[in-house]
Amino acid sequence: MRYNLSRRGVALDSVLCPICDSDVEEIQHVMFRCDMAQLVFRKICRWWDLDWQDLSSFSNWKVWFSSIRLSSSIKSILEGIFCVAWWRIWMFQNQLIFDKSPPRHSVIFDDIVSFSFNWCSSRCNRVFSWEHWLKNPHLISL
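Numbered according to full-length UniProt numbering, the sequence shown spans residues 1 to 142.
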């Protein structure tokens, strides 16, 4: 993260988040407070029919996540989706910094849905369809 590099004396053009360019780039910002992360998590919650709270850290997320009333197997799927989301946000940031052509914001949520479906369908013992995944993934019986 740019902020950590600057604290160690590395000269940088900017320590601002490359995604939103509005706050210092540090892990809590990129994964929770950045506008893009907020948008991604609101979309996940809408997809899962959950109430989202604006969270600013992983510890806040853990408290929020523990308050969700779902079966443990379904909750594990949701946790996996959030892990996929964090990985995809990290990947987007790296593409933004290192790739020649900028990545598209518009595909991030679609990637999360697709990657998490592939992960879950490979790991779960039950067979479920792409259509069920898109419509209501927390109703998949495992």
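The beta-carbon is built from N, C-alpha and C at its ideal position, and this holds for glycine as well.
Predicted, not measured: the structure shown is a model, and the values here were computed from it.
- Whose C-alpha, out of 80, 128 and 103, is nearest the C-alpha of residue 116? For the residues 80, 128 and 103, the minimum Cα distance to residue 116 belongs to 80.
- residue 200: buried (16+ other C-beta within 10 angstroms of its C-beta) or exposed? Summary: the structure shown does not reach residue 200, with the chain confined to residues 1 through 142, and so no result is reported for it.
- Query: Near residue 61, what residues of its chain come up, given a Cβ to Cβ distance below 6 Å and the 5 sequence neighbours on each side ignored?
  - Reply: Once the five neighbours on either side are set aside, the close Cβ partners of residue 61 are 55.
- Would you mind working out which of 77, 129, 108 and 76 sits nearest residue 38, comparing C-alpha positions? Residue 38 has its Cα closest to that of 108, out of 77, 129, 108 and 76.
- Message: Can you find the residues in the same chain that come closer than 7 Å, C-beta to C-beta, to residue 96, ignoring five residues on each side of it along the sequence?
- Response: Leaving aside the five residues that flank residue 96 on each side, the residues in its chain whose CB is nearer than 7 Å to its CB run, in chain order, 18, 19, 102 and 103.
- Message: Checking 8 Å against the spacing of the C-beta atoms, do residue 138 and residue 44 come in under that value?
- Response: Their beta carbons are not under 8 Å apart, which means residue 138 does not touch residue 44 by this criterion.
- Item | Cβ-based neighbour list, residue 30, same chain, cut-off 8 Å, excluding 5 preceding and 5 following | 1, 17, 19, 37, 89, 90 and 93.
- Sorted by chain position, which residues of the same chain lie with C-beta nearer than 7 Å to residue 52's C-beta, five sequence neighbours on each side aside? Only 41, 42 and 45 meet the Cβ criterion.
- Task: For residue 23, collect the residues of the same chain with a Cβ closer than 8 Å to its Cβ; drop the 5 residues on either side in sequence, then sort them by chain order.
- Result: Hits under 8 Å: 16, 17, 29, 33 and 34.
- Message: Since residue 84 and residue 119 should fall inside the 8 Å C-beta cutoff, what is the C-beta to C-beta distance between them, to a whole number of angstroms?
- Response: Confirmed, Cβ separation roughly 7 Å.
- Query: Going straight from the alpha carbon of residue 129 to that of residue 63, what length do you get?
  - Reply: Answer to the nearest angstrom: the Cα atoms are 31 Å apart.
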